[in-house]
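Following: one structure in structure tokens, then a few remarks.
Protein chains in written order, with our numbering: chain A, 1 to 224; chain B, 1001 to 1224; chain C, 2001 to 2227; chain D, 3001 to 3227.
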């Protein structure tokens, strides 16, 4: 499977919309017969905007719905119909509603094809950290993050490669408290797309950096 | 709580219909606000015929229904609507259908008020044996028996006190393989009604036998 | 005991004891039993353990219950929100206990309580700080953490319609925790938009069977209760 | 992968491998996917493990599959029935393995498989011969036995209606094992009375969401499949 929207390696960093488009492309390519997908709160929700008509992608929201439609506007807003980010959404034909235990059973049982999540850090073996900064005075709050981390056949991360201080977020070992262990198999970032493999991290694409620059940036992460 | 249909101790053994009527009476008396009840396959189903109009008793059948009505006749027969004995039944207003895991969760979670079962043997501490004769060549088959045995706030037995060979079925220790341990709290029989208590077996009523005769018949079962 | 249709929220909660564990439905405002929470505040029970997905927003609902000092401990998945300042302050002042539970474990632990399961090996949380001190086991090549049931003394939930027996249906994603909490508490109180005659709900579409519901309080037409 | 509407029962089962574990819905005849079982016989897969509540009645359906010598092992709650002579003979001749599982454990073990639960402590069977050799534990004063998931390679179920996406609704007590088996197998095939346009089923009343369904075979109007 080739990655991204037709292009291979770009000379510019990707915008969040370009990352979202690349993920949407890869979901469709990996699942030509359609897919059941959960898009995490925040940037991953942008992926929905890039799914082509007729892709057969069905969106799950963990607060109890399959076949969720776009955000609701104006008179379509119904306080009883929200996504997991508590934003009013709409219902597509073929939708179904179910309670929280059934919804999380669906995730935890491995029935979703793809889940896309944001992250603070991903380790080279695919550990995810996205729920807690580890700050001693932070109030812990996990929501569905730990269920989502292990809640699909493939769990992908969408993030910037560097944090605000310029430090890589793809790391040898997570320094933030982990959300799930060895659960991520692909990482989409502004500077490159990475596959987590048993042998190490493989650069699928580079954007605005050469592969050599990425290797230097991410060292000591093993790139293979 | 006094037991049975107004009478206390009779001079004749009870028929199965009289036993069923006594159980129906006691269900209603113990649950003046209504009750959720499962009646096991066989003689316990007779109890339904003796529940008074407006008793508020709602029947559960473990194959996935609440508010089951009487057996279906003629044009009412629907092969998709049966009880746990696979006999066509009917639906009352306020019924609901649910799948097998939900139905057994309802039982195992202790939500039913009363379950009435047949038995090969009941021990003085309330062990139930009703699924297997222990015959070496018998093909084991348990169905929902072990779930029903522990599947209600109160589990009652309806049986003859003696087997065909004249041996008591209320015993110090079950000789047949057990279905559940310490799960029965009352035993309704043709010759008497018995409460299983932490101190031993208490005769609530005798029918066609004196209490002394029952004690002699059942020895070495401790009667208190 | 079949369900009672109550004339008021206050009547439905009159017997709530101090020290109760109260399961509170809702995900954000969808399915949140706001009127029942208000009645619980008026009723006055204290030293409560509240199990809910969040720990209150703004100054109303759960947050108001917290402000009133009635809650000893919160069990939830996501206490920290943009407007959870009431909880935040109490927590930082050491005046409230917090047990953070992954949302799926929260739902499944209540489901276990309702289904008579003694404990279960969960795939969620393995290797994380939330599994620290918990029993783990590798089964068929995968690691799991042992989780125990969460049982309530009382559940407060919001549904769309009830019939007079207590069968419930919900509306869209407001269903969320309602059905599972209804199975997991000794006393279940549901506030609903309307009570319809028994027989009006499609038996194939009932989500919470009447067996799980003890008290129903209709919102739109409380006078129905005496009908 | 969203569901495929198949033109025939045979098409739906064409790829069944030898040695598969097959979950078969139904409680008595209600919900029994008879036409799918017949297609499985024609398809020829052998050395199967069949998980179903019963072990066949008379000479048709499951009993016919057993007669054809395709089944190595039966996992069920109640093999012995008045007309289960086919199973009885094979069993007594030592030509078929039997695992008897209490009905509630059978349902809950499949539910666990579908829900990602590694194992669970069940209240059913404790102290009985069916718990012999199994791990037990006392939790909160009550004894439990540890039970493991039952996962299928294939589930054959019968529902009432499907939409073109694969959402399912059932009829009355024919629902029984269908919804839980649909969550517990890698490939789920549902035979239905009719396939309706997507959008025709009430989203509040869908019992098996489409995510669990791989193939649908309509009975009444197989020509719909090509529509």
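The beta carbon of each residue, even a glycine, is placed where N, CA and C say it ideally should be.
Can you find a CB in chain A that lies within less than 7 Å of the CB of residue 2030 of chain C? By 1-based counting over the third chain, the position of residue 2030 of chain C is 30. Interface residue, yes.
Compare the C-beta of residue 1194 of chain B against all C-beta atoms of chain D and say whether one is closer than 7 Å. By 1-based counting over the second chain, the position of residue 1194 of chain B is 194. With 7 Å as the cut-off, residue 1194 of chain B does not count as an interface residue toward chain D.
**Asked** Can you tell which of B/1132, B/1138 and B/1191 has its C-alpha closest to the C-alpha of residue 982 of chain B?
**Response** Given a span of 1001 to 1224 for chain B in the structure shown, any question on residue 982 of chain B remains unanswerable.
* **Neighbourhood of residue 131 of chain A by C-beta, 6 Å cutoff - its chain only, sequence neighbours within 5 removed** => Taking the first residue of the first chain as position 1, residue 131 of chain A is located at position 131. Result list for residue 131 of chain A: 142, 145 and 179, in chain order.
**Request:** Would you verify that the beta carbon of residue 3195 of chain D is, or is not, closer than 7 Å to some beta carbon of chain E?
**Result:** Here chain E cannot be found, since the structure's protein chains are A, B, C and D.
Item checked: N- and C-terminal bounds of the alpha helix (DSSP H) containing residue 3183 of chain D -> Numbered from 1 along the fourth chain, position 183 holds the residue referred to as residue 3183 of chain D. Per DSSP, residue 3183 of chain D belongs to the alpha helix (DSSP H) from 3178-3184.
*How many angstroms separate the CA atom of residue 3174 of chain D from the CA atom of residue 1060 of chain B?*
The sequence position of residue 3174 of chain D within the fourth chain is 174, counting from 1. The sequence position of residue 1060 of chain B within the second chain is 60, counting from 1. Straight-line Cα distance between these residues: approximately 15 Å.
For residue 1123 of chain B, three-class secondary structure by DSSP
On the second chain, position 123 is the one that residue 1123 of chain B refers to. Note: residue 1123 of chain B maps to strand in three-state DSSP.
Quiz item: Is it a yes or a no for the region 2030-2037 of chain C touching the region 2183-2203 of chain C, going by three-plus beta-carbon pairs under 8 Å?
Solution: yes
At a CB-CB cut-off below 8 Å, which residues of chain B make contact with residue 3077 of chain D?
-> In the fourth chain, counting from the first residue as 1, residue 3077 of chain D sits at position 77. Near residue 3077 of chain D (Cβ distances below 8 Å), the residues of chain B are 1141, 1142, 1143 and 1144.
message: Looking at residue 2067 of chain C: is its Cβ nearer than 7 Å to the Cβ of residue 100 of chain A?
response: What you label residue 2067 of chain C is simply residue 67 of the third chain in a count that begins at 1. What you label residue 100 of chain A is simply residue 100 of the first chain in a count that begins at 1. No, they are not a contact pair.
Note to self: Measuring straight from C-alpha to C-alpha, what distance separates residue 1063 of chain B and residue 3076 of chain D?
What the structure shows: In the second chain, counting from the first residue as 1, residue 1063 of chain B sits at position 63. In the fourth chain, counting from the first residue as 1, residue 3076 of chain D sits at position 76. Going from the Cα of residue 1063 of chain B to the Cα of residue 3076 of chain D covers about 15 Å.
Checklist line | Sub-7 Å separation of residue 2047 of chain C and residue 2072 of chain C beta-carbons | finding: Here residue 2047 of chain C corresponds to residue number 47 of the third chain, with the count starting at 1. Here residue 2072 of chain C corresponds to residue number 72 of the third chain, with the count starting at 1. A contact, by the Cβ cut-off of 7 Å.
**Q.** Terminal residues of the alpha helix (DSSP H) in which residue 2114 of chain C lies
**A.** Residue 2114 of chain C sits at position 114 when you count from the first residue of the third chain. Here the alpha helix (DSSP H) through residue 2114 of chain C covers 2103-2115.
Q. To which residues does DSSP link residue 206 of chain A through a beta bridge?
A. Counted from its first residue, the first chain places residue 206 of chain A at position 206. Partner(s): A/192.
According to DSSP, residues forming a beta bridge with residue 1060 of chain B: What you label residue 1060 of chain B is simply residue 60 of the second chain in a count that begins at 1. Paired residue(s): B/1038 and B/1066.
- Message: If you reduce the DSSP assignment to three classes, tell me which class residue 3160 of chain D lands in.
- Response: Counting from one through the fourth chain, the residue named residue 3160 of chain D turns up at place 160. Reduced to three states, the DSSP call for residue 3160 of chain D is strand.
* Option nearest residue 14 of chain A by Cα separation, candidates A/208, A/170 and A/202 -> As a first step, residue 14 of chain A must be located in the first chain, where it is residue number 14. Ranking the options by Cα distance to residue 14 of chain A, first place goes to A/208.
| said: Excluding the 5 residues flanking residue 125 of chain A on each side, which residues of the same chain have their C-beta closer than 6 Å to its C-beta? | reply: Translated into positions along the first chain, residue 125 of chain A becomes position 125. Once the five neighbours on either side are set aside, the close Cβ partners of residue 125 of chain A are 182.
* Proximal residues of chain D, C-beta to C-beta of residue 1063 of chain B below 8 Å -> Counting from one through the second chain, the residue named residue 1063 of chain B turns up at place 63. Those are 3027, 3030, 3173 and 3176, listed as they occur along chain D.
Q) Helix, strand or coil: how does DSSP classify residue 16 of chain A here? A) Translated into the one-based positions of the first chain, residue 16 of chain A becomes position 16. Looking at residue 16 of chain A - three-state DSSP - the assignment turns out to be helix.
> Using a Cβ-Cβ cut-off of 7 Å (strictly less than) and excluding sequence neighbours within five positions of residue 1041 of chain B, which residues of its own chain qualify?
Replying inline: Reading the second chain from its first residue, position 41 is the one you call residue 1041 of chain B. Within the same chain, residue 1041 of chain B has close Cβ partners 1084 and 1085.
Do the CB positions of residue 2123 of chain C and residue 2091 of chain C come within less than 7 Å of each other?
For this step, residue 2123 of chain C is matched to residue 123 along the third chain. For this step, residue 2091 of chain C is matched to residue 91 along the third chain. The answer is no: Cβ separation not under 7 Å.
- Message: Please state whether the Cβ-Cβ distance between residue 114 of chain A and residue 154 of chain A is less than 7 Å.
- Response: Residue 114 of chain A sits at position 114 when you count from the first residue of the first chain. Residue 154 of chain A sits at position 154 when you count from the first residue of the first chain. In this structure, residue 154 of chain A lies closer than 7 Å to residue 114 of chain A by Cβ.
State yes or no: is the C-beta of residue 1067 of chain B within less than 7 Å of the C-beta of residue 1057 of chain B? Translated into positions along the second chain, residue 1067 of chain B becomes position 67. Translated into positions along the second chain, residue 1057 of chain B becomes position 57. Going by C-beta atoms, residue 1067 of chain B is not nearer than 7 Å to residue 1057 of chain B.
Note to self: Give me the chain C residues within the contact set of residue 177 of chain A, using Cβ-Cβ distance strictly less than 9 Å, ordered along the chain.
What the structure shows: The residue you call residue 177 of chain A lines up with position 177 of the first chain. By Cβ distance, chain C contributes 2128, 2129 and 2130.
| Beta bridge counterpart(s) of residue 1097 of chain B as assigned by DSSP | Sequence index remark: in the second chain, residue 1097 of chain B carries index 97 (1-based). BP columns for residue 1097 of chain B point to B/1065.
Practice problem: Return no unless some Cβ of chain A is closer than 7 Å to the Cβ of residue 2070 of chain C. | Solution: Here residue 2070 of chain C refers to the residue found at position 70 when the third chain is read from its first residue. Output row for residue 2070 of chain C: interface = no.
Q. Does any C-beta atom of chain D lie closer than 7 Å to the C-beta of residue 1 of chain A?
A. Position 1 of the first chain holds residue 1 of chain A. Here residue 1 of chain A scores only 40 on pLDDT, less than 50, and its place in the model is too uncertain to base an answer on.
For the beta strand (DSSP E) that residue 1221 of chain B lies in, which residues bound it at each end? Locating residue 1221 of chain B in the second chain gives position 221, where the first residue counts as 1. No beta strand (DSSP E) holds residue 1221 of chain B; DSSP gives it neither H nor E.
Would a check of beta-carbon distances place residue 3114 of chain D closer than 7 Å to chain C?
-> Position 114 of the fourth chain, counted from the start, is the residue given in the question as residue 3114 of chain D. For residue 3114 of chain D, the answer is no, since every Cβ of chain C falls outside 7 Å of its Cβ.
Is any beta-carbon of chain C found at less than 7 Å from that of residue 1096 of chain B?
Here residue 1096 of chain B refers to the residue found at position 96 of the second chain. Chain C, which has a Cβ nearer than 7 Å to the Cβ of residue 1096 of chain B, makes this yes.
* **Cross-chain neighbours of residue 1181 of chain B in chain D, by beta carbon under 7 Å** => If you number the second chain from 1, residue 1181 of chain B lands on position 181. In chain order: 3126 and 3127.
Which chain C residues are close to residue 1106 of chain B, counting only those with a beta carbon under 7 Å from its beta carbon? Within the second chain, numbered from 1, the residue matching residue 1106 of chain B stands at position 106. Within chain C, the residues near residue 1106 of chain B are 2211.
(Q) So, does the region 3208-3217 of chain D touch the region 3005-3020 of chain D, judging by three or more C-beta pairs under 8 Å? (A) yes
Worksheet entry | Limits of the unbroken alpha helix (DSSP H) element including residue 3027 of chain D | What you label residue 3027 of chain D is simply residue 27 of the fourth chain in a count that begins at 1. No alpha helix (DSSP H) contains residue 3027 of chain D, which DSSP labels as neither H nor E.
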